[in-house]
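Numbering (the working numbering), first residue to last: 1 to 202.
Report on the following structure.
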């Protein structure tokens, strides 16, 4: 479980193909690696991955299976790519963002970014089948960052980023056309599922 509050920006150091189509990814992230243990969960650009090795010197290695590579931006990632990193939420800690599982629902693309002075407004595309789960003033996780939705259409949504978010995450450097991982609010997902069940019962 995560909060969507990015702790540091890491760098993909090496991507090593494994038998069966999965890959191991070595990542530089001194803060996140400082107390990591084998088997720990770490959010990498919003994707919950398991630590399988700790080479030292502020590095850790995770493994991604073909399903993850197909459904997230990690499938196109290359050595040198910057990624948002967050350790799992410890019990009793403040939930400063919102409940984030690290289970990516789909990918989006940056459509526009507008300079608002000290902040920027960004609009992303999203799969049409996610639109009914996204609400204005609701939460959306974009590449691991907890954000508040400012507007939503049938296939896009917008957010406003303050200087702290622009500087502390990879979102500050996104270019038009860059792809991001999207995770909708888990509460919206469960409400939708409950409503489906109600309709079937009726």
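Glycine included, every Cβ here is placed at the ideal spot set by N, Cα and C.
Bear in mind the structure is a predicted one, so any value in this text is a computation, not a measurement.
Please identify the residue among the options whose C-alpha is closest to the C-alpha of residue i.
| i | options | result |
| --- | --- | --- |
| residue 170 | 142, 96 and 132 | 142 |
| residue 50 | 145, 26 and 106 | 26 |
| residue 67 | 147, 29, 79 and 47 | 47 |
| residue 24 | 31, 57 and 63 | 63 |
| residue 79 | 38, 28 and 71 | 28 |
| residue 176 | 89, 91, 157 and 122 | 122 |
| residue 108 | 87, 93 and 131 | 131 |
| residue 11 | 189, 32 and 134 | 32 |
| residue 95 | 83, 183 and 146 | 146 |
In three-state DSSP terms, what is residue i?
| i | result |
| --- | --- |
| residue 14 | strand |
| residue 81 | coil |
| residue 106 | strand |
| residue 115 | strand |
| residue 187 | helix |
Within the continuous alpha helix (DSSP H) that includes residue i, where are the two ends?
| i | result |
| --- | --- |
| residue 168 | 163–168 |
| residue 71 | 66–71 |
| residue 31 | 30–33 |
Over what stretch of residues does the beta strand (DSSP E) that includes residue i continue unbroken?
| i | result |
| --- | --- |
| residue 123 | 120–125 |
| residue 145 | 145–152 |
| residue 55 | 47–56 |
| residue 258 | No information on residue 258 is available, as it lies outside the stretch 1 to 202 that the chain covers here. |
| residue 42 | 41–44 |
Could you check if residue i is buried or exposed, using at least 16 other CB atoms within 10 Å of its CB as the buried criterion?
| i | result |
| --- | --- |
| residue 152 | buried |
| residue 34 | exposed |
With hydrogens ignored, establish whether the beta-carbon of residue i is closer than 7 angstroms to any heavy atom of the ligand FMN.
| i | result |
| --- | --- |
| residue 190 | With respect to small molecules bound, the structure shown includes none, and the ligand FMN cannot be examined in it. |
Does the segment 99–107 come into contact with the segment 37–53, if we say contact requires no fewer than three beta-carbon pairs (one atom in each stretch) closer than 8 angstroms?
yes
Count Cβ pairs between the segment 110–125 and the segment 155–167 that sit closer than 8 angstroms; are there 3 or more?
yes
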